[in-house]
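Read the structure below first, then the notes.
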Amino acid sequence: MAHRYDVLGLFDNEYDDEGFRTCSVTGLRIHRTVENHVKLFGLTAVVALLVGGIFAFTVATTRWEAIGLLGPDAFYTHLSMHAWNLLIFWMVFMEVAILYVGGPMVLGRRLPWTKVATAGWLTMVAGAVAVNYTIWTTSAPNEAPLLTAYVPMPVSPWFYAAACLFIVGTVIAALPFFVAMWREKREHPGKTLPLVAFAAFVTSIIAVEALVGGLVAFAPAMLWRLEIIEWVDAAWYRQMYWIIGHGTQQINLVAMITVWYFLTHVVAGAEVVSEKVSRTAFILYLFFINLGAAHHLLSDPAVSTGWRIWNTSYAFYGATFASLIHAFAIPAGIEAGRRKRGKGGGLFGWLTSAPWGNPVFSSTIFSIILFGFLGGITGVMMGQLQLNMTWHNTFATVGHFHATVVLGTTVAFMGLLFFLIRTMFRRQWLSTRLAAIQPYLYAGAMGVAVLMMMYVGILYGVPRRTVEVVSNIQGTEFDLAAASPLFAIFGIFALLAIAAGVLFILLAVGSLLFGKRIDDESNVSDLVADGGLALAEDPDDPVHAYEMRGTFVLCLVFLAAFVITYLLNWYLLTQLWAIGA
Amino acid sequence: MTSPLKPPEGDWWSQPVNRRESIWLGLGAVWSVILFGWMSVWTTAGEQNPIGETYRIESEAFREKLSAYKDAATETDEGLVPPGTDVYIQAMRFYWDGAPVVLEAGTEYDIHLNSMDVQHGFSLRPEDALSKQINLQVLPGYEWVVPMTFDEPGTYHIICNEFCGQGHRTMHGTIIVTEGS
Ligand code: HEM
Ligand SMILES: [Cu+2]
Chain P
1 MAHRYDVLGL
11 FDNEYDDEGF
21 RTCSVTGLRI
31 HRTVENHVKL
41 FGLTAVVALL
51 VGGIFAFTVA
61 TTRWEAIGLL
71 GPDAFYTHLS
81 MHAWNLLIFW
91 MVFMEVAILY
101 VGGPMVLGRR
111 LPWTKVATAG
121 WLTMVAGAVA
131 VNYTIWTTSA
141 PNEAPLLTAY
151 VPMPVSPWFY
161 AAACLFIVGT
171 VIAALPFFVA
181 MWREKREHPG
191 KTLPLVAFAA
201 FVTSIIAVEA
211 LVGGLVAFAP
221 AMLWRLEIIE
231 WVDAAWYRQM
241 YWIIGHGTQQ
251 INLVAMITVW
261 YFLTHVVAGA
271 EVVSEKVSRT
281 AFILYLFFIN
291 LGAAHHLLSD
301 PAVSTGWRIW
311 NTSYAFYGAT
321 FASLIHAFAI
331 PAGIEAGRRK
341 RGKGGGLFGW
351 LTSAPWGNPV
361 FSSTIFSIIL
371 FGFLGGITGV
381 MMGQLQLNMT
391 WHNTFATVGH
401 FHATVVLGTT
411 VAFMGLLFFL
421 IRTMFRRQWL
431 STRLAAIQPY
441 LYAGAMGVAV
451 LMMMYVGILY
461 GVPRRTVEVV
471 SNIQGTEFDL
481 AAASPLFAIF
491 GIFALLAIAA
501 GVLFILLAVG
511 SLLFGKRIDD
521 ESNVSDLVAD
531 GGLALAEDPD
541 DPVHAYEMRG
551 TFVLCLVFLA
561 AFVITYLLNW
571 YLLTQLWAIG
581 A
Chain Z
1 MTSPLKPPEG
11 DWWSQPVNRR
21 ESIWLGLGAV
31 WSVILFGWMS
41 VWTTAGEQNP
51 IGETYRIESE
61 AFREKLSAYK
71 DAATETDEGL
81 VPPGTDVYIQ
91 AMRFYWDGAP
101 VVLEAGTEYD
111 IHLNSMDVQH
121 GFSLRPEDAL
131 SKQINLQVLP
141 GYEWVVPMTF
151 DEPGTYHIIC
161 NEFCGQGHRT
171 MHGTIIVTEG
181 S
């Protein structure tokens, strides 16, 4: 029965007397409370994606100086809107939805404390609106905060207050998840959590650590701007800020990997090739990944060398090792799972026979490949103490994090939304053909744009966060015009990527408004992996015994790319004059 | 049971790991150790490290040092010639005080970096080889002494690469490196 406010009929699935229904694609028993909240958070995320995406256009066409859309007065405000709506609001609203999926939904429970969940959502929305308002109304002597709001730059105190409000809202929204996990453990003390639920739990702990760090940075900064406390040290703020600034990226990473395990299983028949190994990787994240925040301080004066090396390396690359584990385990899961389903002749038959026309699958695969090759490798590069000097605050940094949060997380989350539109909102995609090509356009165009960002940064030293620097630097003959040709390529592909982003929004919103209602289970059967999911439950047919040759070859290619990029980066560094003690 | 959506049953910890996955774990572990080892060794064996002494200092105190240094330095058409091997540069919205400065190739200088007001970015490259560039964060409240020995004469450009306000894009300075004597 539809709620009276639900005029679009987006929240009106049929449930049994206890409020459950069984999903014919995943086989999960889904409670109304979970489903409706997942939808609510997911829809809100799409709104943030739209707002932030509009500013991607203005920001990209400003940095492409051949167009040079905005002047400095507007640019920094636009850049701040871009960063906060996409990196924070789009991602965090999605992540709360993912926690509800990974926790109560996978466990077949109802969402406890639904009023708290709704209150958390309201607080987050209020915080997000307030952040947007304070950024948009920035006026002298205040400057736009950008993502970081570094003290002692004068930024509106109300901006810090709004950011704190959003953080508190997120913690509130996470509470029902923790209660669900707590109750599950109380009721079934001896039962192991499913991998996806375990991963969601790890995500949530990393999230809480990050959010607390945010309050520790923003609250004093606000008090300082209100002149209640006298001074906030710039280095101290940076260290505290990056607990949340990078911590949220760890949430993006772990949530994305959770989605990878979930979607590759459901739409391609992937299985967990080793519970022990994959879970160990998540545990390594839990212990080590937060240390990585230090890689934002590698070219800073105020932290010691030992501290920088220890932390940026996640203590001997503990978290990098964990990511290398997933880099094998996930494709291996697809390969072995598909071989088991009789879909895997030869070295790569499991890949060529995969459902490439299904945007849920193609998004997930592009996310895995592009995150690894472009985002992961470059992250390790710039996370090395010395190489960081050649990346820090250049456009290459922007390239790195668009490879992680756009090509990686955003593409994976788009795939998840394609999936939710069919399975939860129960609407057909407005156009199956357009939906099928959207991931190719978006990931392809953005992939090129990201590479160009990296090149202009590393090869021409083009800085990030500025309006005009390539064609002209005011007050000097010197310029970075040599980078213009690469910027032209960047500009064209950025515009293509934005067009593909628009296509995603049109498809998502269009399907929800005008898509055909799904009332027959055969209408979603195209989403189910070949051979169905029950195969994964046969104890006499263990998946680890299947071949993983193809994955092994792909991983060796990946390692080779890693090593070559590493050598090239070090080669460039050694070309420099002598620096440092 | 090997579905990520179902609780694993039985003694899942003792399930064998595929041989190829084990090999990959070994490769990953070795690579992790190499990454750590190389970065650590380079701090002592390598020529390029973002490492130098750091002191806490008020902006005004640094300004006094800077003006004493300027008094002792020689003004030329090209820029300041420092009296010794200490070079002082203070970032402020929107210029680099202490630049232009004239240095000699082959001499090790101690570059003292500080900011008068907000955070700035010290991004340096020679005019004719843009890919040779380094970037250091400059903070108010800290004096960072980074040694540098330029091996090639030429004009080196400083661009600010941390957003510092509306005039950020104009924040530029130069270091002129002359043939060593
Ligand atoms: C078609 C898509 C996109 C394009 C063309 C694009 C373009 C850009 C460009 C050119 C900049 C750099 C501006 C500068 O430093 O001067 C930038 C900054 C940024 N973008 Fe994007 N972007 C896109 C999507 C995204 C998405 C999906 C996210 C997050 C999930 C994101 C997060 C950020 C962040 C955090 C910054 C840095 C803001 C700062 O410096 O404070 N972008 N983007
Ligand atoms: Cu500046």
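As given, the protein sequences belong to chains P and Z, one line each in that order.
Each residue of the first sequence is one higher than the one before, counting from 1 in full-length UniProt numbering.
Each residue of the second sequence is one higher than the one before, counting from 1 in full-length UniProt numbering.
We put the CB at the ideal spot given by N, CA and C, even for glycine.
Original post:
Should PRO189 (chain P) go down as buried or exposed, given a rule of 16 or more other Cβ atoms within 10 Å for buried?
Top reply: Walking along the first sequence from the start, residue 189 (chain P) turns up at place 189. Looking at its Cβ environment, which holds fewer than 16 other Cβ atoms inside 10 Å, PRO189 (chain P) is exposed.
Original post:
Are the Cβ atoms of GLN90 (chain Z) and SER115 (chain Z) separated by less than 8 Å?
Top reply: For this step, residue 90 (chain Z) is matched to residue 90 along the second sequence. For this step, residue 115 (chain Z) is matched to residue 115 along the second sequence. Yes.
Original post:
Would PRO82 (chain Z) be called buried (16 or more neighbouring beta carbons within 10 Å of its own) or exposed?
Top reply: Counting from one through the second sequence, the residue named residue 82 (chain Z) turns up at place 82. Buried.
Subject >> Separation of GLY318 (chain P) from ILE228 (chain P), as counted between CA atoms >> reply: Residue 228 (chain P) sits at position 228 when you count from the first residue of the first sequence. Residue 318 (chain P) sits at position 318 when you count from the first residue of the first sequence. ILE228 (chain P) and GLY318 (chain P) have their C-alpha atoms some 41 Å from each other.
Subject >> CB contact below 8 Å: LEU136 (chain Z) versus chain P >> reply: On the second sequence, position 136 is the one that residue 136 (chain Z) refers to. Using beta-carbon distances, LEU136 (chain Z) counts as an interface residue toward chain P, with a partner under 8 Å.
Original post:
Hey, LYS39 (chain P) and MET424 (chain P): beta-carbon distance below 8 Å or not?
Top reply: Along the first sequence, read from residue 1 onward, the residue named residue 39 (chain P) stands at position 39. Along the first sequence, read from residue 1 onward, the residue named residue 424 (chain P) stands at position 424. A contact, by the Cβ cut-off of 8 Å.
Subject >> Exposure label - VAL563 (chain P); buried when at least 16 CB within 10 Å >> reply: The residue you call residue 563 (chain P) lines up with position 563 of the first sequence. Exposed.
Subject >> Rounded Cβ spacing between ALA234 (chain P) and GLN166 (chain Z) (contact assumed at less than 8 Å) >> reply: The count along the first sequence starts at 1 and reaches residue 234 (chain P) at position 234. The count along the second sequence starts at 1 and reaches residue 166 (chain Z) at position 166. ALA234 (chain P) to GLN166 (chain Z), Cβ: 20 Å. No contact.
**OP:** Per DSSP, which residues does ASP97 (chain Z) bridge with? Please list them.
**Re:** Taking the first residue of the second sequence as position 1, residue 97 (chain Z) is located at position 97. Its beta-bridge partners are Z:GLN90, Z:ALA99.
**OP:** Note down, in chain order, each residue of its chain lying with its Cβ closer than 7 Å to the Cβ of ILE473 (chain P), except the 5 sequence neighbours on either side.
**Re:** For the purposes of this step, residue 473 (chain P) is taken as the residue at position 473 of the first sequence. Here the set comprises ASP479.
Original post:
Is MET116 (chain Z) helix, strand or coil when you go by DSSP?
Top reply: Start at 1 with the first residue of the second sequence, and residue 116 (chain Z) comes out as number 116. Note: MET116 (chain Z) maps to coil in three-state DSSP.
Original post:
If ALA283 (chain P) and GLY214 (chain P) are in contact, beta carbons under 8 Å, what's the gap, nearest whole angstrom?
Top reply: In the first sequence, the residue the question calls residue 283 (chain P) occupies position 283. In the first sequence, the residue the question calls residue 214 (chain P) occupies position 214. Reading off the sequence, residue 283 (chain P) comes out as Ile, not Ala. The Cβ separation is near 24 Å, so there is no contact.
Subject >> Residues, ordered as in the chain, of the region 121-134 of chain Z that lie near chain P by beta-carbon distance below 7 Å >> reply: Within the region 121-134 of chain Z, the residues whose Cβ lies closer than 7 Å to some Cβ of chain P are GLY121, SER123, ARG125, GLU127, LEU130, SER131, LYS132, GLN133, ILE134, listed in chain order.
Subject >> N-terminal and C-terminal residue of the alpha helix (DSSP H) that VAL171 (chain P) is part of >> reply: Within the first sequence, numbered from 1, the residue matching residue 171 (chain P) stands at position 171. Note, VAL171 (chain P): alpha helix (DSSP H), 157-187.
Original post:
Cβ of PRO153 (chain Z) less than 8 Å from any chain P Cβ?
Top reply: Numbered from its first residue, the second sequence carries residue 153 (chain Z) at position 153. Answer no: the Cβ-Cβ gap between PRO153 (chain Z) and chain P never drops below 8 Å.
Original post:
Is the distance from the Cβ of MET153 (chain P) to the Cβ of SER299 (chain P) below 8 Å?
Top reply: For the purposes of this step, residue 153 (chain P) is taken as residue 153 along the first sequence, with counting starting at 1. For the purposes of this step, residue 299 (chain P) is taken as residue 299 along the first sequence, with counting starting at 1. No, the pair does not count as a contact, with Cβ atoms beyond the cut-off.
Original post:
Between the region 354-372 of chain P and the region 404-413 of chain P, are three or more C-beta pairs nearer than 8 Å?
Top reply: The way I'd put it, the region 354-372 of chain P does touch the region 404-413 of chain P; three or more beta-carbon pairs between them come closer than 8 Å.
**OP:** Look at the Cβ atom of THR138 (chain P), then the Cβ atom of TRP158 (chain P), and state whether they are nearer than 8 Å.
**Re:** As a position in the first sequence, residue 138 (chain P) is number 138, starting the count at 1. As a position in the first sequence, residue 158 (chain P) is number 158, starting the count at 1. It is not a contact, given that the beta carbons lie outside the stated cut-off.
Subject >> Any alpha helix (DSSP H) of 4 or more consecutive residues that is wholly inside the region 11-76 of chain P >> reply: Qualifying alpha helix (DSSP H) stretches, in chain order: 32-63.
Original post:
Which residues, in chain order, sit with a beta-carbon under 7 Å away from any heavy atom of ligand 2?
Top reply: Listed by chain position, these are Z:ALA91, Z:ARG93, Z:PHE94, Z:HIS120, Z:GLY121, Z:CYS160, Z:GLU162, Z:CYS164, Z:HIS168, Z:MET171.
Original post:
Whose C-alpha, out of P:MET94, P:ALA173, P:VAL101, P:THR61, is nearest the C-alpha of TRP115 (chain P)?
Top reply: For the purposes of this step, residue 115 (chain P) is taken as residue 115 along the first sequence, with counting starting at 1. Before going on, a small fix: residue 115 (chain P) reads as Lys here, not Trp. The shortest C-alpha separation from LYS115 (chain P) is found at P:ALA173.
Original post:
If we call anything under 8 Å between Cβ atoms a contact, is GLY141 (chain Z) one with ARG56 (chain Z)?
Top reply: Translated into positions along the second sequence, residue 141 (chain Z) becomes position 141. Translated into positions along the second sequence, residue 56 (chain Z) becomes position 56. In contact: GLY141 (chain Z) and ARG56 (chain Z) (Cβ atoms closer than 8 Å).
**OP:** Kindly list the residues whose CB is nearer than 7 Å to the CB of PHE328 (chain P), restricted to its own chain and excluding five residues on each side of it in sequence; keep chain order.
**Re:** As a working note, residue 328 (chain P) is residue 328 in the first sequence. Closer than 7 Å at the Cβ level, and outside the excluded window around PHE328 (chain P), lie THR551, CYS555.
Original post:
Are the C-beta of TYR160 (chain P) and some C-beta of chain Z separated by less than 8 Å?
Top reply: If you number the first sequence from 1, residue 160 (chain P) lands on position 160. Taking Cβ atoms only, chain Z never reaches closer than 8 Å to TYR160 (chain P), which makes this a no.
Original post:
Looking at the structure shown, is ARG56 (chain Z) part of a helix, part of a strand, or coil, going by DSSP?
Top reply: Stepping through the second sequence from its first residue, residue 56 (chain Z) is reached at position 56. Annotated three-state conformation of ARG56 (chain Z) is strand, per DSSP.
Original post:
How close, in whole Å, do the beta carbons of VAL360 (chain P) and PHE321 (chain P) come, if the pair is a contact with beta carbons under 8 Å?
Top reply: Taking the first residue of the first sequence as position 1, residue 360 (chain P) is located at position 360. Taking the first residue of the first sequence as position 1, residue 321 (chain P) is located at position 321. Contact flag wrong, Cβ pair sits at about 29 Å.
Original post:
Which chain P residues are close to PRO140 (chain Z), counting only those with a beta carbon under 8 Å from its beta carbon?
Top reply: Here residue 140 (chain Z) corresponds to residue number 140 of the second sequence, with the count starting at 1. Listed along the chain, the chain P residues whose CB falls inside 8 Å of the CB of PRO140 (chain Z) are PRO152, ALA234.
Original post:
When you compare only the Cα positions, how much space is there between CYS160 (chain Z) and TRP391 (chain P)?
Top reply: Residue numbering aside, residue 160 (chain Z) sits at position 160 when the second sequence is read from its first letter. Residue numbering aside, residue 391 (chain P) sits at position 391 when the first sequence is read from its first letter. Answer to the nearest angstrom: the Cα atoms are 14 Å apart.
Original post:
DSSP three-state call for CYS160 (chain Z): helix, strand or coil?
Top reply: To locate residue 160 (chain Z), count along the second sequence from 1; it is residue 160. In this structure, CYS160 (chain Z) counts as strand in the three-state DSSP scheme.
**OP:** Could you tell me the distance, in whole angstroms, from the CA atom of ILE244 (chain P) to the CA atom of SER181 (chain Z)?
**Re:** For the purposes of this step, residue 244 (chain P) is taken as the residue at position 244 of the first sequence. For the purposes of this step, residue 181 (chain Z) is taken as the residue at position 181 of the second sequence. Answer to the nearest angstrom: the Cα atoms are 51 Å apart.
Original post:
Quick one, which of P:ARG341, P:LEU50, P:VAL7, P:GLU18 has its alpha-carbon nearest LEU503 (chain P)'s?
Top reply: Working through the first sequence from its first residue, we reach residue 503 (chain P) at position 503. The candidate whose alpha carbon is nearest that of LEU503 (chain P) is P:LEU50.
Original post:
Should ILE54 (chain P) be counted as a contact of ligand 1 given a C-beta to heavy atom distance under 7 Å?
Top reply: Counted from its first residue, the first sequence places residue 54 (chain P) at position 54. Relative to the non-hydrogen atoms of ligand 1, the Cβ of ILE54 (chain P) never comes closer than 7 Å to any of them.
**OP:** Using only the heavy atoms of ligand 1, determine whether one of them is closer than 7 Å to the beta carbon of ILE134 (chain Z).
**Re:** Numbered from its first residue, the second sequence carries residue 134 (chain Z) at position 134. Not so, every heavy atom of ligand 1 lies at least 7 Å from the Cβ.
**OP:** Identify every run of the alpha helix (DSSP H) within the region 87-118 of chain P, keeping only runs that are complete inside it and at least 4 residues long; order them along the chain.
**Re:** The qualifying runs are 91-100.
Original post:
Where does TYR5 (chain P) sit, in a helix, a strand or coil, going by DSSP?
Top reply: Your numbering for residue 5 (chain P) matches position 5 in the first sequence. Correct three-state label for TYR5 (chain P): coil.
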